[in-house]
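Asks: If you number the sequence shown the way UniProt numbering does, the last residue is 315 and the count never jumps.
Take a look at this one; I'll ask things after.
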Amino acid sequence: MKLTHQWLAIAVTSLFAWSVCAEPISIEREVTGNEKIEIVVPAGKAEIRASDDNKVVISGTIDPKADGYDFASENGVTTFVIKQSKSGEYSVNDPGSVLTISLPKGSVLSIAGTSFDVDISGFTNRSRINTVSGDVVATQVMGELKIESVSGDLTCMRCDGDISLTTVSGDIEDKQSAGKLALQVVSGDIESDTQATSVKFEAVSGDITADIQQAQQIFMNVVNGDVEAKIRNGEAPEVTIATVNGDADLYLPANTSARVRASAVAGGDIDNQISDDRAIEEEYGSGSSLTTKLGAGAGKIEFTSVNGDLTLKKL
């Protein structure tokens with residue numbers, strides 16, 4: 001118990017020391033409505049909000065380990081850079097910089113950081129965000145949105161446009177996106193409830209769970225993981241779903257019009273619950289395949305697994 005109290009005292013002391021030493025910041029500048037804005041924050045977190053005003057407004061506190069900041073504008077480009085500490089070392093327990101940033105909603109954004117969490121909303125032009133170990137939440141961002149992280153979790157809510165989210169060892173959650181959607185993880189899960197017109201989901205080691213309400217152009221690929229996909233627009237879908245080591249469940253509406261070809265290469269089962277056709281086992285080898293026509297057969301669905309089971313289900 002004494003040791004616990006000692007550690008608590010150290011933690012409280014460290015937090016107090018940070019709060020005392022953190023440098024407050026309150027700056028603003030007039031810019032153009034479509035200003036190119038570059039923000040670099042090594043560590044910390046920021047709420048970045050769109051505004052109808054043509055101003056850059058930044059407030060909060062600067063990481064006491066930082067070597068100050070640069071804030072400059074020239075020829076339609078504004079940069080805000082918190083300078084990396086000379087040691088270059090940041091602890092996961094360091095709060096870093098804590099910022100609230102307001103920018104014109106038509107800004108062209110480039111945001112980067114190392115251990116930097118970003119919460120961004122309301123922008124309408126082009127937004128690009130790159131972090132190493134920070135999480136990113138994007139809400140109602142329109143236009144082009146590209147987010148990349150090494151080990152951060154990415155969340156996209158009600159965004160619309162050309163959307164691309166990529167993380168190496170984090171998870172991706174998408175809620176009610178629209179437009180064109182591409183999600184990619186190496187070691188993590190993808191969860192999407194989307195109204196996008198086309199989707200492309202890829203995972204090396206992770207599961208994909210998707211409820212796709214509008215798209216007809218659909219591509220999903222998983223190496224080591226399972227897929228659960230609900231496709232609600234059955235008019236004439238063009239669908240490719242493939243796994244290597246994982247099971248896949250595909251849900252289709254009653255009005256689906258498509259030709260379906262399912263293939264289990266190395267012994268997995270194919271369970272067809274949407275038509276009377278049944279899988280045929282290969283005469284030589286352990287594979288099986290299924291071909292069936294739904295409605296008028298206007299679309300095409302390719303559904304394959306190497307070492308997993310495939311199931312076709314009714315919505």
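Just so it is clear, CB atoms sit at the ideal spot from N, CA and C, and this is done for glycine as well.
1) Distance, Cα to Cα, residue 207 vs residue 24?
2) In whole angstroms, what separates the C-alpha of residue 33 from that of residue 59?
3) Between the C-alpha atoms of residue 155 and residue 67, what's the straight-line distance to the nearest angstrom?
4) Apart from the five residues just before and just after residue 298, which ones in its own chain have a Cβ nearer than 6 Å to its Cβ?
5) From which residue to which residue does the beta strand (DSSP E) around residue 141 run?
6) Within 10 angstroms of its Cβ, does residue 76 collect 16 or more other Cβ (buried), or is it exposed?
7) Jot down the residue ranges of each uninterrupted beta strand (DSSP E) in the stretch 200-228, minimum 3 residues, whole runs only, in chain order.
8) Using DSSP with H/G/I as helix, E/B as strand and the rest coil, what is residue 24?
9) Please give the ranges of any beta strand (DSSP E) in the stretch 229-299, keeping only runs that are unbroken, at least 3 residues long and fully inside the region.
10) According to DSSP, what are the bridge partners of residue 169?
11) What does the alpha-carbon distance come out to for the pair residue 232 and residue 113?
12) Would you tell me roughly how many angstroms separate the C-alpha atoms of residue 56 and residue 26, rounded to the nearest one?
13) Which residue marks the beginning of the beta strand (DSSP E) containing residue 184, and which one marks its end?
14) List the whole-angstrom C-beta distance separating residue 180 from residue 203, where the pair is believed to meet the contact cut-off of C-beta under 8 Å.
15) Applying the 10 Å Cβ sphere with the 16-neighbour rule, what's the burial state of residue 126?
16) Helix, strand or coil: which one does DSSP assign to residue 76?
Replies: Reading off the structure:
1) The straight-line gap from Cα to Cα measures roughly 43 Å.
2) 20 Å
3) 31 Å
4) 236, 257
5) Per DSSP, residue 141 belongs to no beta strand (DSSP E) and is neither H nor E.
6) exposed
7) Annotation: the stretch 200-228 contains the following complete segments of the beta strand (DSSP E) (minimum length 3 residues), in chain order: 208-212, 217-224.
8) strand
9) Entirely contained in the stretch 229-299, the beta strand (DSSP E) runs reaching 3 residues are, in chain order, 238-245, 248-252, 258-264, 270-272, 288-294.
10) Bridge partners of residue 169: none, in fact.
11) 38 Å
12) 11 Å
13) 178-187
14) That belief does not hold up - the Cβ atoms of residue 180 and residue 203 are roughly 19 Å apart, past 8 Å.
15) buried
16) coil
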